[in-house]
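Working notes, beginning with the structure itself.
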Amino acid sequence: MTWFKGWKITRKDGSVSGTTLLEALDAIQPPTRPTDKPLRLPLQDVYKIGGIGTVPVGRVETGILKPGLVVTFAPVNVTTEVKSVEMHHEALSEALPGDNVGFNVKNVSVKDIRRGNVAGDSKNDPPQEAASFTAQVIILNHPGQISTGYALVLDCHTAHIACKFAELKEMIDLRSGKKLEDNPKCLKSGDAAIVDMIPGKPMCVESFSEYPPLGRFAVRDMRQTVAVGVIKGVEKKTPTSGKVTKSAQKAQKNK
Numbered sequence: 001m002t003w004f005k006g007w008k009i010t011r012k013d014g015s016v017s018g019t020t021l022l023e024a025l026d027a028i029q030p031p032t033r034p035t036d037k038p039l040r041l042p043l044q045d046v047y048k049i050g051g052i053g054t055v056p057v058g059r060v061e062t063g064i065l066k067p068g069l070v071v072t073f074a075p076v077n078v079t080t081e082v083k084s085v086e087m088h089h090e091a092l093s094e095a096l097p098g099d100n101v102g103f104n105v106k107n108v109s110v111k112d113i114r115r116g117n118v119a120g121d122s123k124n125d126p127p128q129e130a131a132s133f134t135a136q137v138i139i140l141n142h143p144g145q146i147s148t149g150y151a152l153v154l155d156c157h158t159a160h161i162a163c164k165f166a167e168l169k170e171m172i173d174l175r176s177g178k179k180l181e182d183n184p185k186c187l188k189s190g191d192a193a194i195v196d197m198i199p200g201k202p203m204c205v206e207s208f209s210e211y212p213p214l215g216r217f218a219v220r221d222m223r224q225t226v227a228v229g230v231i232k233g234v235e236k237k238t239p240t241s242g243k244v245t246k247s248a249q250k251a252q253k254n255k
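In this text, residue positions in the sequence shown follow the UniProt record's numbering: the first is 1, and each later residue adds one.
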């Protein structure tokens with residue numbers, strides 16, 4: 001079957017050859033997992049399991065999660081030790097990016113952490129609450145106008161938080177990214193802009209360049225997606241208080 005070996009077309013102006021769809025699919029290289037980056041794991045849910053304790057559940061986006069690691073949850077600033085990690089009811093020695101896992105943490109109540117929080121290594125660039133962030137947004141479908149002070153619900157990783165457009169910094173060309181106008185008065189459907197946003201409640205986000213899964217978002221209003229965006233930079237809020245569990249203190253002393 002010659003088609004299985006590829007194809008070739010010959011014409012007066014020359015010839016061209018190519019591969020079959022099957023060959024092209026076989027040639028695709030799987031994406032590399034960002035295991036070299038610091039840990040980021042947005043929580044999808046938190047359960048209390050009898051005889052085990054508190055079990056947060058989520059997908060590892062970057063880094064490696066393993067038993068014995070001391071993790072910090074942002075923006076609540078709770079630090080504790082990971083006792084065990086499981087996926088599909090099987091214990092793991094480590095969880096890699098892409099793995100949906102549950103992990104047992106000691107001395108932490110289900111009331112202390114919740115969906116939308118982000119877990120990270122307490123000793124390697126731990127996640128922090130965002131005071132504000134700069135983003136590039138594209139307005140997809142909004143019946144009116146978006147101006148300074150306008151608040152919309154933002155979905156970023158597993159967080160669902162209302163954020164305010166604090167400043168419309170510049171209007172940009174959708175294709176080239178070139179600046180068209182400084183400090184536009186408002187944005188409407190089809191516009192792209194650089195804006196400053198302030199979360200209405202404590203929230204943890206990251207710049208897209210550092211942690212892509214935590215740096216892209218959708219903006220919701222009137223039960224539909226009205227805008228999408230990527231985060232260019234984040235102004236972190238310095239933690240003033242927090243909780244460090246006894247198991248975390250013990251684990252840190254032993255290292």
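For every residue, glycine included, the Cβ atom is placed at its ideal position computed from N, Cα and C. In this text, all values refer to a predicted model and were calculated from it rather than measured experimentally.
Integer-rounded CB distance, given that residue j should sit under 8 Å from residue i
| i | j | result |
| --- | --- | --- |
| residue 178 | residue 172 | 6 Å |
| residue 193 | residue 184 | 6 Å |
| residue 162 | residue 41 | Not quite, the Cβ-Cβ distance comes to about 24 Å (not below 8 Å), so this is no contact. |
| residue 71 | residue 122 | 6 Å |
| residue 140 | residue 227 | 6 Å |
| residue 100 | residue 33 | Wrong, their Cβ atoms sit about 14 Å apart, outside the cutoff. |
C-alpha gap between residue i and residue j, whole angstroms
| i | j | result |
| --- | --- | --- |
| residue 1 | residue 18 | Caution applies to residue 1, whose pLDDT of 45 falls short of 50 and renders its modelled position unreliable; the model cannot decide the point. |
| residue 157 | residue 10 | 50 Å |
| residue 74 | residue 251 | 20 Å |
| residue 50 | residue 207 | 38 Å |
| residue 93 | residue 223 | 42 Å |
| residue 12 | residue 23 | 27 Å |
| residue 202 | residue 117 | 9 Å |
| residue 246 | residue 54 | 15 Å |
| residue 135 | residue 243 | 31 Å |
| residue 97 | residue 114 | 21 Å |
| residue 256 | residue 21 | Residue 256 falls outside the range modelled here, since the chain spans only 1 to 255, and no answer is possible. |
| residue 220 | residue 176 | 26 Å |
| residue 89 | residue 137 | 40 Å |
| residue 187 | residue 28 | 40 Å |
| residue 174 | residue 160 | 26 Å |
| residue 166 | residue 91 | 45 Å |
| residue 152 | residue 231 | 16 Å |
| residue 150 | residue 236 | 22 Å |
| residue 48 | residue 26 | 44 Å |
Candidates the options, of which the one nearest residue i by Cα
| i | options | result |
| --- | --- | --- |
| residue 196 | 212, 157, 148, 190 | 148 |
| residue 241 | 71, 77, 15 | 77 |
| residue 212 | 47, 201, 63, 29 | 63 |
| residue 239 | 190, 217, 219, 204 | 204 |
| residue 215 | 225, 234, 221 | 234 |
| residue 182 | 155, 168, 176 | 168 |
| residue 320 | 31, 217, 30, 37 | It is not possible to answer for residue 320, since the shown part of the chain is limited to 1 through 255. |
| residue 80 | 229, 160, 45, 56 | 56 |
| residue 35 | 91, 210, 180 | 210 |
| residue 229 | 31, 91, 218 | 218 |
| residue 155 | 44, 31, 39 | 44 |
| residue 170 | 160, 91, 191 | 191 |
| residue 39 | 160, 95, 180, 31 | 95 |
Query raised in the report: At what residue ranges does the region 100 to 147 contain a whole run of the beta strand (DSSP E), taking only runs of 3 or more?
Result: At a cut-off of 3 residues, the continuous stretches assigned as beta strand (DSSP E) that sit fully inside the region 100 to 147 are 100 to 105, 118 to 121, 130 to 139.
Query raised in the report: Where are the beta strand (DSSP E) runs, 3 residues long or more, that stay fully inside the UniProt domain "GTP-eEF1A C-terminal" (132 to 232), in chain order?
Result: Counting only runs of 3 or more, we get 151 to 156, 159 to 172, 179 to 182, 192 to 199, 216 to 221.
Query raised in the report: So does the region 129 to 137 actually touch the region 109 to 117, counting three or more Cβ pairs closer than 8 Å?
Result: In short, these stretches do not touch, since the Cβ pair count stays below three.
Requested in this report: Evaluate contact between the region 97 to 105 and the region 49 to 67, counting only Cβ atoms and requiring at least three cross-stretch pairs below 8 Å.
Outcome: Yes: the two stretches touch, three or more of their Cβ pairs being nearer than 8 Å.
Query raised in the report: For the region 75 to 88 against the region 137 to 151, are there 3 or more C-beta pairs whose distance is under 8 Å?
Result: Here the region 75 to 88 does not lie against the region 137 to 151, with fewer than 3 beta-carbon pairs under 8 Å apart.
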